[in-house]
Amino acid sequence: MDLQLVVPPLPVGADVRVVFPDAPEFEGLRSRLRDAGIPFRAVPHWVEEERITSVDLTHGALTPLQVTPSLSGMAGLVAEPTEPLTDAGARAARDAFALLWDLYEPIDPATVPQPVPAEELVPRDWLRFLPYPTLNPAQAQACPSIVDGDGHVVITAPTGAGKTVIGMLATLRSILEEGRKAAWLVPQRTLTDELDRELETWREQGLRVERLSGEYAVDVEKVRAADLWVATTEKFEAICRASSLQTALAEVGCMVVDEIHLLGSTGRGALLEALLARVRGADSPVRIVGLSATVSNASEVADWLEGELVTTTWRPSRLTWQLPMLPASSRHTEASRMREQVVTDLVQRHTTEKGSVLVFCGSKPKVRSTALTIAAERGAPVHLVGPTDFDKLETVCAEVGVRLHYADWDGKHAAEKAFRNRQADVLVATTTVAAGVNLPARAVIVRDTRIGTEPMDTATVMQMFGRAGRVGAGETEGWAYLITDETERAAWQTRLMAGYSVYSQIYDSLPDHVLAEVLQGRITTVVEAEAWWRQTLAFAQGDEDVEPVQGAIRFLVDKDYLTQRERDGDTMLAVTELGRLTAQLMVSTYTGARLRQVLDMLPVPEDADTAEEALTCVLGVSVPELADAPVAEANRPAVATAIRARGRSSRLTDTTAIQGLGSSGSVQRGDLAWAALLLVARSPQLFAGTGRDRRAIAGIPMGTLYPVLEQAPRYLAWLASQGCLGTVHPWVAIVSADLDRRVRWRGCAPGRGAGRLLWMCEQMATRARAKELVPGMWRSAVSRGVRAPDWAPGRPPASCELDQAAYTALLRERTTSAVLTVRSHDVAISGISGAAAVAWTGRTQTPMTITRAITEIDLPTVDDDDDPDVGAPSGAAVFTRRGDYSATGWLAEYGQVTEKSEDPQDPPPVRRRGLGRATP
């Protein structure tokens, strides 16, 4: 900012105000403004500069509002003016200035709200469960609605206002006063950990708290007995779809929804909306207490729920946010360097004053490069750190007080602890910290305006800003910065001033939610489906047409998820076995239909290698979560090389390495998933250990592979379970079943055919203890030469969690004694009953349920000479309901762990043909 600023002559009565940095070099300006009688605000750490005026400074006449922002003067840039703004952009700048002006209005200490003793508002026997003896002003304002009422409530408050205590009051009312269970839903796994730690004292006081998230197996009996469930929305919905917990669900009296404003999120909003649509309404037996950040249409959400809205603007510390502006650049490297230099400048401003700083980045590579830049500024020897040497990176940064944090960073928990304990004063992170993990700081710097390749939404930025000035860090002031360039600053200022609005996101996944409602018996007819639609936020926000839900039903019937029949003038709906499986595994109906369609088009593979390559390729390109998994530029050559080597470590050599100018372009959408699954299938030894002990596999960081390997088993299990249903070809079901368990238990380094033995280990360990027991069971079996679960009946093994009766029942569910004989026109099956059998010729199948001691199934005939299945091999397979299988031909390789064999000859180069590119 210009230290020699002179305010020009203005018309009489003109309102002139000036904001400048509260720094010693501006004392002269302060004196001149004071002498001239011009109001001003001196704001610490102020870095913006813009002129807002509706006066023609030459002629002194009124003109349309105009704003002239200037580039940031940091990182060696010249603070020169940029293109003036008018209309909406100018109005947003004017409103932002007014907000800042009011924020620094001198406050009379006598008017500041004071904490209220909790015993004045809360029943005495609840006090021992609260973290503090007093309630802050926001909590005190919300308390009467929570404690004295029983209707739905939406609480909106700035981040840091103490909404967790409000949630505690709601759950305590349900548990202690009503004698019912409570569920507390949070949007991310990391938040279940955070909340679970906060509620540890409740366990000490005798309340039973169970954490439910994807990382933890569900102990059904403990869940049934719990007073409070802490769950992600996805996990809670999975429980709603599980028949074993319906009685426990009926006991839930209160559902606390943390971050309820995420109803408007494209990722999680639709599922949350469908869940809340079931229990909204004034006559609901389940009370909804929504905890929300400040949103512009909160009243609309509360009206939809038919609940009360409690809005508070109180925040324990003053938050000043700014949008430092950089020049636009088409050169990515240059733009990234400027952002990192500005981050470093801002970090230094706050850490010099003993403040802590959170830096948010749009990707994991940017987290690492930004941390290194900050560390270099502090004198760390960053030249010693290699591109994939994450251990050295962590060590070098930690030595100068800089820590890193993202979802699969091994040192993230140590980083959290160091930041909380002020052993580190800078934490560089992705959005994992933004959504509620309690890591407060004095300043927050948002380095990027995109997460990966997607634009960042307003709610995410506001959540990030909310980390600044949290009282948990003993702060009374907070500063937040979103670094922008000159092409985007005005839009971001407009969005932040307008605030975040919640709009329904249910349309894109509507069939999934209709299917779930049919599964749970809430929808049995088309009329009931239309009535359900009228309960959604989408309907409440103006979409009164029932065509969307009718279209969803048509799709579900067409794709065999539902059946419909006419009765008494109404159209009855029922879920098929495929629909039940799809809903319970929470597989997208669109994704499932696409997978089945593509796999049905493939010819039956001639061997296991071809089958694994085809299946993993189709999964990689057809499942959005796998296809869109990000690959950093530096890792693309390794991904391309792994695919060229077909996942075999013996071929990951200089002759297969893909390098040079074409290396990045050779990686297509879905290739990371294809490479990851091929590596598990062909080089399991690379994953030996816990699965995270190694930093990289075949040159690909484990942090890059991990999301794919966590998501893929759900889709493999979905395909595998269709063996009994006859809705996919047996080769798809059996190869999927084998790969599913090999991916899940990759730390055991299981080879091809290990799926059946791992299945038996899972069954004996039970779901609740599988993670703990299966690796040991596997090692014990393999060390004794056991290659398949086909041993003779007897007493359960020492580590088996099943009693004798359950173990005996499990042994009867094996295909051990099944004998399949393929003859010229049919298949004879003996030695098994109650299983599903399938005979096939090429892609044509004949399914049957085995009910006799010897069952004969005619092989399908292919009479059309133009049919590609003419002359195709025939075969047969049997599947038990519990998950075992047996088959003829090359599929027999999946009956037991195969001995290691020599790699076949190198394949010819891959010719890419869309979904069929698995075929050389």
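First residue of the sequence shown? That's 1 in the working numbering, and the numbers climb one at a time after it.
Cβ coordinates follow ideal geometry from the N, Cα and C atoms, glycine included.
Bear in mind that the values here come from a model prediction, so they are computed numbers and not experimental data.
Limits of the alpha helix (DSSP H) - the one that residue i falls within
{"i": "Ile553", "result": "547 to 558"}
{"i": "His405", "result": "No alpha helix (DSSP H) contains His405, which is instead part of the beta strand (DSSP E) from 402 to 405."}
{"i": "Asp609", "result": "608 to 622"}
{"i": "Asp740", "result": "730 to 744"}
{"i": "Tyr715", "result": "702 to 720"}
{"i": "Glu334", "result": "332 to 351"}
{"i": "Ser72", "result": "Note, Ser72: premise wrong, no alpha helix (DSSP H); not H, not E."}
{"i": "Val590", "result": "A small correction: the amino acid at residue 590 is Tyr; Val does not occupy that position in the sequence shown. Looking at the DSSP string, the run of the alpha helix (DSSP H) that includes Tyr590 is 589 to 601."}
{"i": "Gln141", "result": "137 to 147"}
{"i": "Gln584", "result": "577 to 584"}
{"i": "Trp759", "result": "755 to 765"}
{"i": "Trp492", "result": "489 to 498"}
{"i": "Glu566", "result": "Taken as a continuous stretch (DSSP letters only), Glu566 belongs to no alpha helix (DSSP H), being part of the beta strand (DSSP E) at 562 to 567."}
Reference residue i, options the options, closest by Cα
{"i": "Ala839", "options": "Asn136, Asp826, Leu578, Gly831", "result": "Asp826"}
{"i": "Pro701", "options": "Thr484, Asp410, Ala118, Gly264", "result": "Asp410"}
{"i": "Arg787", "options": "Ala887, Gly753, Trp314, Glu566", "result": "Gly753"}
{"i": "Asp87", "options": "Leu103, Thr111, Asp56, Ile52", "result": "Ile52"}
{"i": "Ala925", "options": "Leu556, Val347, Thr487, Thr704", "result": "Coverage of the chain is limited to positions 1 through 920, which leaves residue 925 absent and any answer about it impossible."}
{"i": "Gly871", "options": "Gly842, Thr855, Leu62", "result": "Gly842"}
{"i": "Ile553", "options": "Ala529, Ala642, Arg467", "result": "Ala529"}
{"i": "Ile854", "options": "Ala835, Asp869, Ala75", "result": "Ala835"}
{"i": "Gln584", "options": "Glu517, Met601, Val546, Glu606", "result": "Glu517"}
{"i": "Arg224", "options": "Glu234, Thr233, Ala250", "result": "Ala250"}
{"i": "Trp321", "options": "Leu291, Ala277, Arg442, Leu275", "result": "Arg442"}
For residue j and residue i, the rounded distance between their alpha carbons
{"i": "Val252", "j": "Ala540", "result": "26 Å"}
{"i": "Arg714", "j": "Trp674", "result": "16 Å"}
{"i": "Arg519", "j": "Leu169", "result": "Note on identity: in this sequence residue 519 is Leu, with Arg being the wrong assignment. Rounded to the nearest angstrom, the two C-alpha atoms are 33 Å apart."}
{"i": "Gly269", "j": "Tyr500", "result": "14 Å"}
{"i": "Asp15", "j": "Gln463", "result": "34 Å"}
{"i": "Thr655", "j": "Leu709", "result": "For Thr655, the pLDDT reaches just 47, beneath the cut-off of 50, and the residue's location in the model is therefore unreliable, although a value from the coordinates is still provided. Roughly 27 Å between the two C-alpha positions."}
{"i": "Cys361", "j": "Val301", "result": "31 Å"}
{"i": "Thr815", "j": "Val878", "result": "7 Å"}
{"i": "Gly660", "j": "Ala640", "result": "Confidence is the limiting factor: at Gly660 the pLDDT is only 48, short of 50, which leaves the residue's position unreliable, though a coordinate-based value still follows. One C-alpha to the other measures close to 12 Å."}
{"i": "Ala737", "j": "Ala717", "result": "6 Å"}
{"i": "Leu393", "j": "Gly386", "result": "8 Å"}
{"i": "Trp759", "j": "Gln341", "result": "53 Å"}
{"i": "Tyr507", "j": "Ala93", "result": "35 Å"}
{"i": "Arg17", "j": "Arg41", "result": "8 Å"}
{"i": "Arg315", "j": "Pro158", "result": "6 Å"}
{"i": "Leu562", "j": "Thr524", "result": "11 Å"}
{"i": "Arg636", "j": "Ala415", "result": "28 Å"}
{"i": "Ala140", "j": "Leu121", "result": "8 Å"}
{"i": "Lys354", "j": "Arg173", "result": "42 Å"}
{"i": "Ala614", "j": "Glu477", "result": "57 Å"}
Element boundaries [beta strand (DSSP E), containing residue i]
{"i": "Cys254", "result": "252 to 258"}
{"i": "Glu210", "result": "209 to 212"}
{"i": "Gly290", "result": "287 to 292"}
{"i": "Arg442", "result": "Note, Arg442: premise wrong, no beta strand (DSSP E); not H, not E."}
{"i": "Ala118", "result": "Premise fails: Ala118 is in no beta strand (DSSP E) and is neither H nor E."}
{"i": "Leu482", "result": "477 to 482"}
{"i": "Pro847", "result": "844 to 849"}
{"i": "Gly189", "result": "Before going further, note that residue 189 is Arg rather than Gly in the sequence given. Premise fails: Arg189 lies in the alpha helix (DSSP H), 189 to 198, not in any beta strand (DSSP E)."}
{"i": "Tyr894", "result": "That residue, Tyr894, is in no beta strand (DSSP E); it is neither H nor E in DSSP."}
Presumed contact (8 Å Cβ cut-off) between residue i and residue j, rounded CB distance
{"i": "Val527", "j": "Asp570", "result": "6 Å"}
{"i": "Asn438", "j": "Glu48", "result": "Wrong, their Cβ atoms sit about 29 Å apart, outside the cutoff."}
{"i": "Val256", "j": "Ala182", "result": "7 Å"}
{"i": "Arg203", "j": "Ala226", "result": "That pair is no contact at about 10 Å."}
{"i": "Ala282", "j": "Thr156", "result": "That belief does not hold up - the Cβ atoms of Ala282 and Thr156 are roughly 20 Å apart, past 8 Å."}
Is there contact here, the region 317 to 337 with the region 406 to 426, by at least three beta-carbon pairs under 8 Å? no
Are the region 885 to 897 and the region 720 to 740 touching, with three or more C-beta to C-beta distances below 8 Å? yes
Is it a yes or a no for the region 814 to 823 touching the region 793 to 806, going by three-plus beta-carbon pairs under 8 Å? no
Determine contact between the region 149 to 162 and the region 240 to 249, defined as no fewer than three beta-carbon pairs at a distance below 8 Å. no
Is it the case that the region 590 to 600 contacts the region 609 to 621, given that we only count it when at least three CB pairs across the two stretches are under 8 Å? yes
Does the region 444 to 452 come close enough to the region 358 to 371 to have 3 or more Cβ pairs within less than 8 Å? yes
Per the contact definition of three or more C-beta pairs closer than 8 Å, is the region 21 to 37 in contact with the region 62 to 71? no
Would you call the region 96 to 108 and the region 371 to 379 touching, i.e. three or more CB-CB distances under 8 Å? no
Does the contact criterion of 3 or more C-beta pairs under 8 Å hold for the region 192 to 209 versus the region 121 to 136? yes
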